[in-house]
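In the UniProt record's numbering, the protein residues as written are 1 to 297. For every residue, glycine included, the Cβ atom is placed at its ideal position computed from N, Cα and C. None of these values were measured; they are calculated from a predicted model. What follows is a set of notes on a single structure, which appears directly below.
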């Protein structure tokens, strides 16, 4: 069994195709801007931020054997990620994500994570075969898990003894997939990272603040919940109480990946031994720097 990784990032690793414009946009808008292609996906975004903090993340995902997959693997390795445990499929293409952003935020996005979904529990084999753990000696470190996996696989993970000793950090891939995380709402090892809309979907209501949402998730059985609300606030709640902070005010130049950056920076801070208030502050500062364009992706 290897203990080389500082954290496992399980979920989507793909190519992001992002169109950004400085103009306010609405349905049907046709405006000038920039189109970029860069490594992305929830697990990838988290791993990139963790690597910037000096941690060694290992990826558990599915990447095709096509040219785009080979290029993506090289990009991951160049950023310091461990790719030894990636499931490489001969017949599944490398996944993609496409988004359009304007000055008024995310306009629309489509996530094509069909290959990750088709790979299913094959991506978890290193946790079963002794490379990273097995049922007798489950993996004991941090695990960042994203909601791009199928409902069936997420249900399986929530019940699996392979995750019994992990510090499990869980985030949905998008509001549309938030309800996939219901099996983790009462999980004994899980920490939930959601935004205000996602918290409302999990609790089947609407919340006025991140604090209300985080406390409601704990009341419904969550061991710990961190809820963000854009530039308004972020809260960290447990059964011992909640703390709330306001993020730094910055000019927003991008939004895709901001929540992933927040989650990764928070994990990195706690891995370094920071107390809850300091970890929340560092995560908010990192997310603010990201959306302002200070950090390159």
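Exercise for the section: Quick one: using the 10 Å Cβ neighbour count with 16 as the cut-off for buried, is residue 7 buried or exposed? Expected result: If you number the chain shown from 1, residue 7 lands on position 7. Taking all protein chains shown into account, residue 7 has 16 or more neighbouring C-beta atoms within 10 Å of its C-beta and is therefore buried.
Practice task
Give the single residue among 235, 29 and 184 whose Cα lies nearest to the Cα of residue 312.
Solution key: The shown model of the chain, from 1 to 297, leaves out residue 312, and the question about it has no answer.
Practice task
Drop a sphere of 10 angstroms on the beta-carbon of residue 110, count the other beta-carbons inside from all chains shown, and report buried for 16 or more, exposed for fewer.
Solution key: Indexing the chain shown from 1 puts residue 110 at position 110. Flag for residue 110 reads exposed.
Exercise for the section: Flag this pair as yes or no: are the beta carbons of residue 201 and residue 179 separated by less than 8 Å? Expected result: Along the chain shown, one-based indexing puts residue 201 at 201. Along the chain shown, one-based indexing puts residue 179 at 179. For the 8 Å CB-CB criterion, residue 201 and residue 179 form a contact.
Practice task
Assign residue 20 to one of three DSSP states: helix, strand, or coil.
Solution key: Position 20 of the chain shown, counting from 1, holds the residue named residue 20. In this structure, residue 20 counts as strand in the three-state DSSP scheme.
Exercise for the section: Would you decide whether residue 5 is buried or exposed? Buried here means 16 or more other CB atoms lie within 10 Å of its CB. Expected result: Counting from 1 along the chain shown, the entry for residue 5 is found at position 5. With a threshold of 16 other beta carbon atoms within 10 Å, residue 5 meets it and is buried.
Practice task
Please classify residue 261: is it buried, with 16 or more other beta-carbons within 10 angstroms of its beta-carbon, or exposed?
Solution key: Numbered from its first residue, the chain shown carries residue 261 at position 261. Buried: at least 16 other Cβ atoms inside 10 Å.
Problem - Residues of its chain near residue 3, where Cβ-Cβ distance is below 7 Å and the 5 sequence neighbours each way are ignored - result: One-based indexing of the chain shown puts residue 3 at position 3. Low local confidence applies: a pLDDT of 46 at residue 3 is under 50, so the model's placement there is unreliable, with the coordinate-based value given in what follows. Excluding sequence neighbours, residue 3 sits near nothing in its chain.
Problem - Classification of residue 198 by the beta-carbon crowding that lies within 10 angstroms, buried from 16 upward - result: Working through the chain shown from its first residue, we reach residue 198 at position 198. With 16 or more neighbouring CB atoms inside 10 Å of its own CB, residue 198 falls in the buried class.
Handout entry: Close Cβ partners of residue 247 (< 7 Å) along its chain, the five nearest in sequence each way excluded
Key = Within the chain shown, numbered from 1, the residue matching residue 247 stands at position 247. 231, 234, 284, 287 and 288, listed in sequence order.
Practice task
Excluding the 5 residues preceding and the 5 following residue 221 in the sequence, name in chain order all residues of the same chain whose CB lies nearer than 6 Å to its CB.
Solution key: For the purposes of this step, residue 221 is taken as the residue at position 221 of the chain shown. 185 and 186.
Handout entry: Per-residue burial, residue 89 [other beta carbons within 10 Å of its own, 16 or more giving buried]
Key = Position 89 of the chain shown, counted from the start, is the residue given in the question as residue 89. Classification of residue 89: buried, given that the 10 Å Cβ count is 16 or more.
Problem - Euclidean distance between Cα positions of residue 239 and residue 227 - result: As a working mapping, residue 239 is identified with position 239 in the chain shown. As a working mapping, residue 227 is identified with position 227 in the chain shown. Residue 239 and residue 227: Cα-Cα distance of roughly 15 Å.
Exercise for the section: Report the residue from 76, 213 and 208 whose alpha carbon sits nearest the alpha carbon of residue 194. Expected result: Against the chain shown, residue 194 aligns to sequence position 194. Of the residues 76, 213 and 208, the one whose Cα lies closest to the Cα of residue 194 is 213.
Exercise for the section: Can you grab the Cα-Cα spacing for the pair residue 152 / residue 75, in whole Å? Expected result: Here residue 152 refers to the residue found at position 152 of the chain shown. Here residue 75 refers to the residue found at position 75 of the chain shown. Going from the Cα of residue 152 to the Cα of residue 75 covers about 30 Å.
Exercise for the section: Determine the DSSP secondary structure at residue 39, reduced to helix, strand or coil. Expected result: Taking the chain shown and counting its residues from 1, the one referred to as residue 39 is at position 39. It is a strand residue.
Exercise for the section: In the DSSP assignment, find the beta strand (DSSP E) that holds residue 311 and state where it starts and stops. Expected result: Nothing in the structure corresponds to residue 311, since the chain is present only between 1 and 297.
Problem - Host beta strand (DSSP E) of residue 262 (start-end) - result: Reading the chain shown from its first residue, position 262 is the one you call residue 262. Here residue 262 belongs to no beta strand (DSSP E); instead the alpha helix (DSSP H) covers 258-271.
Handout entry: Sequence-distant residues of the same chain with beta carbon closer than 7 Å to residue 92, five excluded per side
Key = For the purposes of this step, residue 92 is taken as residue 92 along the chain shown, with counting starting at 1. The beta carbon of residue 92 sits closer than 7 Å to those of 62, 64, 115, 118 and 119, all from its chain and outside the five residues before and after it, given in chain order.
Practice task
Taking 8 Å as the threshold, find out whether the segment 119-134 comes into contact with the segment 19-36 through three or more Cβ pairs.
Solution key: Flag = no, the segment 119-134 and the segment 19-36 do not touch.
Exercise for the section: Select from 196, 157, 95 and 22 the residue whose C-alpha is nearest the C-alpha of residue 259. Expected result: Looking up residue 259 in the chain shown gives position 259. Among 196, 157, 95 and 22, the Cα nearest to that of residue 259 is on 196.
Exercise for the section: Go ahead and label residue 169 buried or exposed: buried means 16 or more other beta carbons lie within 10 angstroms of its beta carbon, across all protein chains shown. Expected result: Position 169 of the chain shown, counting from 1, holds the residue named residue 169. The residue is buried, with at least 16 neighbouring Cβ atoms inside 10 Å.
Handout entry: Extent of the continuous beta strand (DSSP E) to which residue 236 belongs
Key = As a first step, residue 236 must be located in the chain shown, where it is residue number 236. Run containing residue 236: 234-238, per the beta strand (DSSP E) assignment.
Exercise for the section: Have a look at 71, 252 and 236 and flag the residue whose alpha-carbon is nearest the alpha-carbon of residue 293. Expected result: Looking up residue 293 in the chain shown gives position 293. Nearest option by C-alpha distance: 252.
Problem - CB contact flag (residue 17, residue 37, <8 Å) - result: As a first step, residue 17 must be located in the chain shown, where it is residue number 17. As a first step, residue 37 must be located in the chain shown, where it is residue number 37. For the pair residue 17 and residue 37, the CB atoms are nearer than the 8 Å cut-off.
Practice task
For residue 1, I'd like the list of residues in its chain whose CB is within less than 6 Å of its CB, leaving aside the five on either flank, ordered along the chain.
Solution key: For this step, residue 1 is matched to residue 1 along the chain shown. For residue 1, the pLDDT reaches just 40, beneath the cut-off of 50, and the residue's location in the model is therefore unreliable, although a value from the coordinates is still provided. Excluding residues within five positions, the ones whose Cβ falls inside 6 Å are 130.
Handout entry: Residue burial classification, residue 77 (beta-carbon count within 10 angstroms, cutoff 16)
Key = Sequence index remark: in the chain shown, residue 77 carries index 77 (1-based). Classification for residue 77: exposed.
Practice task
Closer than 8 Å by C-beta to residue 156: which residues in its own chain qualify, once you throw out the five before and the five after it? Chain order, please.
Solution key: Position 156 of the chain shown, counted from the first residue, corresponds to residue 156. Once the five neighbours on either side are set aside, the close Cβ partners of residue 156 are 121.
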